Amino acid sequence: MAKNLLIVESPAKAKTINKYLGKDFQVLASYGHVRDLVPKEGAVDPAHGFRMRYDLIEKNQRHVEAIAKAAKGAEGIYLATDPDREGEAISWHIVEILKERGLLKDKDLHRVVFTEITPRAIKEAMANPRQIAGALVDAQQARRALDYLVGFNLSPVLWRKVQRGLSAGRVQSPALRMIVEREEEIEAFVAREYWSIEADCAHPSQGFTAKLNKFDGKKFEQFTITDGETAEDARARIVAAANGVLHVTDVVSKERKRRPAPPFTTSTLQQEAARKLGFTTSRTMRVAQKLYEGVAIGDEGTVGLITYMRTDSVNLSADALTEIRDVIARDFGTRSVPDKPNFYQTKSKNAQEAHEAIRPSSALRTPSQVARHLDDDGRRLYELIWKRAIACQMVPAILNTVSVDLAAGSEHSFRASGTTVVFPGFLAVYEEGKDQKAAEDEDEGRKLPLMKPGERVPLERINANQHFTEPPPRFSEASLVKALEEYGIGRPSTYASIIQTLQFRKYVELESRRFRPTDVGRAVSNFLSSHFTRYVDYDFTARLEDELDAVSRGEEEWVPLMEKFWGPFKELVDDKTESVDRSEATGARELGTDPKTGKPVSVRLGRYGPYAAIGSTAEDAEDKPKFASLRPGQSMHTITLEDALELFLMPRQLGQDKGEDVSVGIGRFGPFAKRGSVYASLKKEDDPYTIELARAVFLVEEKEEIARNRIIKEFEGSDIQVLNGRYGPYISDGKLNGKIPKDREPASLTLEEVQKLLEETGKPARGRFGKKAAKKAAPAKKAAAQAAPAKKTAKKAAKKGTKKTAKKTAKKTAGKAAKKTAAKKAVAKDAPRSRATEAPGADDAPF
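Numbering-wise (my numbering), the sequence shown opens with residue 15 and increments by one.
Below, the structure is given as structure tokens:
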């Protein structure tokens, strides 16, 4: 057994480090977090100093056992989990587990950190161990406790007031609010018309265009001309004034410098990878993790190619700076190396300056040298990181901008601008991607012909162009991460998990790589913004992050911070649970009146998603309303009365085929086509509102063909059949379904073989004897359970000599239970369906 035990988080990292440390060390992985709060209410106890109850994470239990076994025989234990708050917390949890098991007695315990997995970095870390940083652990504990308390207290309110299965998170909710508010801005936006006027100039050496910048002696603004008639009148007057030529009145040439962007932090890497590579935040972090943990590079063996990818620092080590400057001089010339290194200031209030920015672990490993050892994603991301790190230490680019003013008569003038690169500097390696170019960079790459004041430039034509203002764009992953960082909401390690949670919960959807809130997401956001305003406020969330950062620096205690948050929050939760009306919470809208029935038409958010209703939905309404699910792409916030009424056109009669009626409708499990008594589900690409007769007939006949070919083999005197299923052949007797070995031809099976297979592999079949039957029995069972207390009451009453009263009470209570069950069944039958609900939890935790 090895003398020392070193614990890291990932098996890939363990494998790499194991090669560096030699036979005196055993390197094991914890596979991330080893403990988490117990997944039920009461895991955080505010009444007792926010005491937290932890339990081993089941999937990692065997890894914990391996660590405990190795720790038992080791003299020294080295905790080398990641160099951030999460990593510090994992080390602390491992120590707590080993303490509880009495495995730390007379052991040397060391905490070591390294931001790159290279022999030099690991050797240096092992020579400089430290103790676990209690302040970092406290900050992580506080963050986890806050996320848990918000999740387990706010989510049930959403269940009662909006829809079951919803959740609210401390950081997730302000992020959702950003997306929803942007959508509301877009919906409220009213486009404005405006016109621009441009001149096509026919200079002898090169044609170019110029924009009108002075009209009737005044500066030409965006909304100077707002209609076509005025634009045409202005164009005609300028043409007449110019008389075929424009006069050069001024030529201005100036040089400016553009400096390189800082090396990557987590958020800027996520933004650039989204812009330039089309990566999602989670994909970026997954690929970066592999590059950090180690890649086999020929004779070098396995080595970490980049530094730690969760950081908000823009610092670079002295060794890295020296190496980068050497590479610049070698590959781009000494003129591209500045006199002294470029240093950058982070925008983050709590940047861990002891960490480094994301950079290659060795700048000498160029992208071309390592490309053959990487997959396509790894190659592209490594190249992005390498180029950014090299460029950040290069001299600025020198650009020359030329602006030329050209007069059309005495009252009007145009301006043309062009920017050329005089010296590329860092642009020879890398240029930062932008969603929109800055105004000063609009003409970059455009070169104008040489002109001088007094010169006459032939005018080819003048164009008037119509434009309309556009609404603000929806958030992309890159712009959302940027906004979260600017507001100080969340931290680098949480951005990917925030976005994943919003998508997983179906609060947002990606359309053309932009986030659009769903109706459920809007209902959640609007409910929280209206009733829990403070807790989705951007400034409040950012201040809370700052206070958590203060805890991590040892400047503030975590329990008083928790107490300050918990009291007002719990009081508000209790108040809103009782006081808020559900219809207000879900954002129900009255659209108008149904012309056929005269009844009100509304859209609402139900248990299974948004739906339209004709008639009163009040519980005491005399007539039962009609319901219809909204179509994909429709929103209850923008749907019109006409669109809502179309939803009630189902079922649609399409015509006849083979003497039978063919129709299409929408049922409990989605849209379907029907011919006679045969039903067939529509495919994803089929729209029940536009599908035609021929397509519906095809789907029905396709189902009939499948049914005809379903039975492969039957056995006389037995219920067992060999059948074709969705996932291939199987055997069934109606009660049990069994597997068929891959090496057997289904049609060749004998009765004895299928009986044996059913006995060995059989599982309950769905249907009359399977899971559905159990579900159908549940309401009756529930009614019996609700009636049980009544029987108990009756028994008790009988002992007192009131047998008649007891029977009456039991009958009455049982009847109520049955009615309640029947009512619930009716609601479930009529309302649109969706996915199963899930327990509330703390969605902001990055593990």
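For glycine and all other residues, C-beta sits at the position ideal for the given N, C-alpha and C. All values derive from a computational prediction rather than experimental measurement.
- With a 10 Å radius around the Cβ and a threshold of 16 neighbouring Cβ atoms, Gln155 comes out buried.
- No Cβ-Cβ contact shorter than 8 Å links Arg536 with Val301.
- With 16 or more other CB atoms across the displayed protein chains lying within 10 angstroms of its CB, Arg191 is buried.
- The distance from the Cβ of Arg394 to that of Leu558 is about 37 Å, inconsistent with a contact at the 8 Å cut-off.
- The beta carbon of Thr244 sits closer than 8 Å to those of Trp209, all from its chain and outside the five residues before and after it, given in chain order.
- Three or more Cβ pairs drawn from the stretch 663 to 670 and the stretch 698 to 708 lie within less than 8 Å of each other, which places the two stretches in contact.
- Beta bridge pairing from DSSP links Asn477 with Glu212.
- Per DSSP, the unbroken beta strand (DSSP E) holding Arg689 starts and ends at Gly684 to Arg689.
- Within a 10 Å sphere around the beta-carbon of Asp98 sit 16 or more other beta-carbons, which makes this residue buried.
- For the beta strand (DSSP E) assignment, the uninterrupted runs of no fewer than 3 residues enclosed by the stretch 426 to 470 are, from N- to C-terminal side, 426 to 437.
- With contacts defined by Cβ atoms closer than 8 Å, Leu462 and Leu260 do not form a contacting pair.
- Rounded to the nearest whole angstrom, the C-alpha separation of Leu35 and Val309 is 17 Å.
- Annotation for Met465: His217, Val262, Val265, Val418 and Val471 place their beta carbon closer than 8 Å to its own, counting only its chain and skipping 5 residues before and after.
- Contact between Glu716 and Ala687 is ruled out by a C-beta separation of about 10 Å, above the 8 Å threshold.
- The criterion of a C-beta distance shorter than 8 Å is satisfied by Arg689 and Val676.
- Linking Asp122 to Arg157 through their CA atoms gives a straight-line distance of about 30 Å.
- Separation of Glu577 and Asp96 (C-alpha to C-alpha, rounded to the nearest whole angstrom) is 30 Å.
- Inter-segment contact for the stretch 162 to 172 and the stretch 406 to 416 is absent: fewer than three beta-carbon pairs are separated by less than 8 Å.
- Within the model, the alpha-carbon separation for Glu397 versus Thr433 is close to 28 Å.
- Taking the C-beta atoms as reference points, Ile653 is found no nearer than 8 Å to Lys640.
- Annotated three-state conformation of Pro614 is strand, per DSSP.
- Ranked by Cα distance from Leu378, the first of Leu319, Glu469, Gly681 and Arg125 is Leu319.
- Under the 8 Å Cβ criterion, the stretch 579 to 591 does not count as touching the stretch 199 to 213, having fewer than three qualifying pairs.
- Buried is the label assigned to Thr280, since at least 16 other Cβ atoms lie within 10 Å of its Cβ.
- Listed as beta-bridge partners of Thr415 by DSSP are Lys268 and Thr433.
- For Lys401, the closest of Gly447, Thr360 and His426 by C-alpha to C-alpha distance is Gly447.
- For Ala255, the enclosing alpha helix (DSSP H) covers residues Gly242 to Ala256.
- Contact annotation, Leu542 with Ala182: C-beta distance approximately 6 Å; criterion of less than 8 Å satisfied.
- Closest by C-alpha distance to Glu370, out of Arg344, Ala332 and Arg339, is Ala332.
- If you draw a straight line from the Cα of Pro506 to the Cα of Leu494, it comes to about 13 Å.
- For the set Gln145, Ile136, Phe128 and Ala139, the Cα lying nearest the Cα of Val109 is the one of Gln145.
- Residues of the same chain with a CB within less than 6 Å of the CB of Ser691, apart from the 5 flanking positions on each side, do not exist.
- Inclusion of Ser187 and Ala510 in the CB contact set at 8 Å is not warranted, their separation being larger than that value.
- Between Asp345 and Cys406, the alpha-carbon positions lie close to 15 Å from each other.
- Look at the stretch 720 to 779 and you find these whole runs of alpha helix (DSSP H), each 4 residues long or longer: 765 to 775.
- In this structure, DSSP gives Asn32 a helical state, which the three-state scheme calls helix.
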